[in-house]
Amino acid sequence: MESLDSPLPEAGVEFSALLRDTREKVIPRLLQWNHPSFFGYFPTCASFPGVLAETLTAALNVNAMLWKTSPAASALEAVVLRWIAQLAGCPGEADGVLVTGASLANLYALAAARDAAAGFDVRERGLAGGAGRLRVYTSDQAHSSVDKAVITLGLGLDNLVRIPSDDQYRMRPDALEAAITHDRDAGFTPVAVVATVGTTSVAAADPLGPISDICTRHGVWLHVDAAYAGFYGLSPRLSGVLEDLSVGDSLVVNPQKTLFVPLEGAALYCRRRDALANTFRLVPEYLTSDPDDLTFDFMDRSAQLGRSFKALKMWWVIRTFGRAGLAARLDHAVALAEDLRTIAASHPDWELPVSSPYPLVCLRYQPRAVMSDPGLTDEARRSLLDTLNASILADLNASGRAFLSHSVIREGYVLRVSIGNIRTGADDVRRLWDLLCVTAEKHLAEVHP
Ligand SMILES: *Cc1c(COP(=O)(O)O)cnc(C)c1O
1468 MESLDSPLPE AGVEFSALLR DTREKVIPRL LQWNHPSFFG YFPTCASFPG VLAETLTAAL
1528 NVNAMLWKTS PAASALEAVV LRWIAQLAGC PGEADGVLVT GASLANLYAL AAARDAAAGF
1588 DVRERGLAGG AGRLRVYTSD QAHSSVDKAV ITLGLGLDNL VRIPSDDQYR MRPDALEAAI
1648 THDRDAGFTP VAVVATVGTT SVAAADPLGP ISDICTRHGV WLHVDAAYAG FYGLSPRLSG
1708 VLEDLSVGDS LVVNPQKTLF VPLEGAALYC RRRDALANTF RLVPEYLTSD PDDLTFDFMD
1768 RSAQLGRSFK ALKMWWVIRT FGRAGLAARL DHAVALAEDL RTIAASHPDW ELPVSSPYPL
1828 VCLRYQPRAV MSDPGLTDEA RRSLLDTLNA SILADLNASG RAFLSHSVIR EGYVLRVSIG
1888 NIRTGADDVR RLWDLLCVTA EKHLAEVHP
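So the sequence shown is numbered by my numbering: it starts at 1468 and just counts up by one.
Set out below in structure tokens:
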């Protein structure tokens, strides 16, 4: 902060100074999300065509709010939305819109679901004017953006029902059915079920088939959050093993995560036609246009008015690589993750507490020296291992040679190795593994000499 803070400049500075300060003071203090040794969170990786298109987008500075404000931007958005749905294995009729991230997509889907389910006019009367007993169901593994959406929509976290997950961290359909039935009997109105394909901690996939059956039976909106995993069905290694994303009423997939498109850009689909517009369409005189049967205004499908031209970068990326090129790159990440799992599984000091088809590998260092130490109670052992794994992560990240993130699951603190950057190769994963082993042994010697 100190080295960047300076008084408001009265006169403009030289471009060369701007560039130098950016290079010397800003870039060294940024996490390099595009780096091949970035293994944190989920990939959010910009490919070269995506970067070029993003630059061009800024230069054109198009506002894609109404069809008439930039017909080609809206037309391209419609085309790209159709392609992205096909890439996610979810073709068919739906209202789509590109939004700034999956968090907002979840919010918009739940807003539409709320208004469809409430049984009174939420737009006019507000939640306080209605029954106020609306409920959303999701698993205990759902992304925090679901919580935020429920808060923002005024539903209240008390009305977000967290369905327990099974031993592989998937939502339990039996518990979902019981919760909905119980709430119905108690006078609540179920608004939506949010199922996740590719959970944030361990990349588990909720069983969409049974969940969708329950939703159909109870007439409840099913929103599928496939922000991370939505495109991995393209990977030949995973064909046939993944969930069918087409069963929900709404779906979000996130090109900014795993489709090599630079921030920001997520795709939201809603198969209940006009439900998004019923919630978000509001046209003051100055925004009137005369859309015909073939055109519509994207501002009607989200809370945003001014909208950047996100379709261009997606169009460039998809056309540059083609479906096959994207599939090959996603498959490569899946293969690298499989290799890492194999190496780690054959090492006596490392555990893979949970498995996932996706290229997210959760590792826990559980060295024999600690596991077989008779002087430790179970609780002390778990706590020692948690500390050990946390210090491995901190040390490795501080080294600047790779970046990982973590989660805490039932088995304890785990290191998440998320593979999927476009430039990540076998050497990068091998180097990470060597670094993990060396760092782990160093910390073991310190805490358990
Ligand atoms: C990343 C992620 C989100 C949030 O996405 P943003 O685009 O960062 O808002 C929501 N849900 C899941 C399952 C995710 O993986």
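Ideal Cβ positions, reconstructed from N, Cα and C, are used throughout, including at glycine. Quick caveat: nothing in here was measured; it's all calculated off a predicted structure.
Item	Value
Leaving out five residues before and five after Trp1500 in sequence, what residues of the same chain have Cβ atoms less than 6 Å from its Cβ?	Thr1511
Name the DSSP bridge partner or partners of Pro1657?	Arg1602
List in chain order: all unbroken beta strand (DSSP E) runs of 3+ residues lying wholly within the stretch 1804–1838.	1827–1832
For Asp1562, does the three-state DSSP call read helix, strand or coil?	strand
Is Phe1655 near Arg1602, with beta carbons less than 7 Å apart?	yes
Suppose contacts are defined by Cβ-Cβ distances below 7 Å. Is Ile1551 in contact with Ala1734 by that definition?	yes
What does the alpha-carbon distance come out to for the pair Tyr1699 and Ser1822?	16 Å
Is any heavy atom of ligand 1 found at a distance shorter than 6 Å from the C-beta of Gly1568?	yes
If you measure between the beta carbons of Arg1637 and Pro1631, is that distance less than 7 Å?	no
Assuming Ala1670 and Tyr1825 form a contact by the criterion Cβ under 8 Å, report the distance between their Cβ atoms to the nearest whole angstrom.	4 Å
If you draw a straight line from the alpha carbon of Glu1544 to that of His1799, how long is it in whole angstroms?	28 Å
Helix, strand or coil: how does DSSP classify Ala1671 here?	coil
I need the straight-line Cα distance from Lys1615 to Leu1797, nearest angstrom please.	30 Å
So which of Pro1538, Ala1525, Arg1808, Pro1476 has the shortest CA-CA distance to Asp1759?	Pro1538
Under a Cβ-count criterion, where at least 16 other Cβ atoms within 10 Å of its own Cβ denotes burial, should Asn1528 be classed as buried or exposed?	exposed
Three or more beta-carbon pairs under 8 Å between the stretch 1738–1747 and the stretch 1762–1778, yes or no?	yes
Report the residue from Pro1815, Val1728, Pro1820 whose alpha carbon sits nearest the alpha carbon of Ile1785.	Val1728
Could you tell me the distance, in whole angstroms, from the CA atom of Ala1526 to the CA atom of Thr1619?	34 Å
Taking just the CA atoms, how far does Ser1717 sit from Ser1541?	21 Å
From this set, Leu1903, Ala1576, Val1664, Ala1595, which residue's C-alpha is nearest Ala1865's C-alpha?	Leu1903
Straight-line CA distance for Tyr1832 to Leu1855?	8 Å
Which term fits Arg1581, buried or exposed, when burial requires 16 or more other beta carbons within 10 angstroms of its beta carbon?	buried
I'd like to check one pair, Phe1788 with Ala1531: are the Cβ atoms closer than 7 Å?	no
Using a threshold of 6 Å, is the CB atom of Trp1733 nearer than that to any non-hydrogen atom of ligand 1?	According to the sequence shown, residue 1733 is Ala rather than Trp. Ala1733 Cβ: within cutoff of ligand 1.
Tell me which same chain residues have a C-beta within less than 7 Å of the C-beta of Arg1849, skipping the five on either side of it?	Gly1879
Can Tyr1604 be considered in contact with ligand 1, in the sense that its beta carbon sits closer than 6 Å to one or more heavy atoms?	no
Span of the beta strand (DSSP E) holding His1915?	Here His1915 belongs to no beta strand (DSSP E), and DSSP marks it neither H nor E.
May I ask you to check if the CB of Tyr1699 is nearer than 6 Å to at least one heavy atom of ligand 1?	no
Leu1627 lies in the beta strand (DSSP E); which residues open and close that run?	1627–1630
In the DSSP output, which residue or residues are listed as bridge partners for Phe1870?	Phe1505
I believe Val1719 touches Ala1572 by the beta-carbon criterion, under 8 Å. Please report the beta-carbon distance rounded to the nearest angstrom.	4 Å
Check the C-beta distance from Gly1568 over to Ser1713 and give it rounded, since I have them as a contact under 8 Å.	Actually they are not in contact, since the Cβ atoms of Gly1568 and Ser1713 sit about 22 Å apart, beyond 8 Å.
Give me the DSSP bridge partner(s) of Met1638.	Ser1632
Rounded to a whole number of angstroms, what is the C-alpha to C-alpha distance between Ser1874 and Ala1579?	31 Å
Arg1883 lies in the alpha helix (DSSP H); which residues open and close that run?	Here Arg1883 belongs to no alpha helix (DSSP H); instead the beta strand (DSSP E) covers 1879–1885.
Determine the burial state of Ile1681: buried for a count of at least 16 other Cβ atoms within 10 Å of its Cβ, exposed for fewer.	buried
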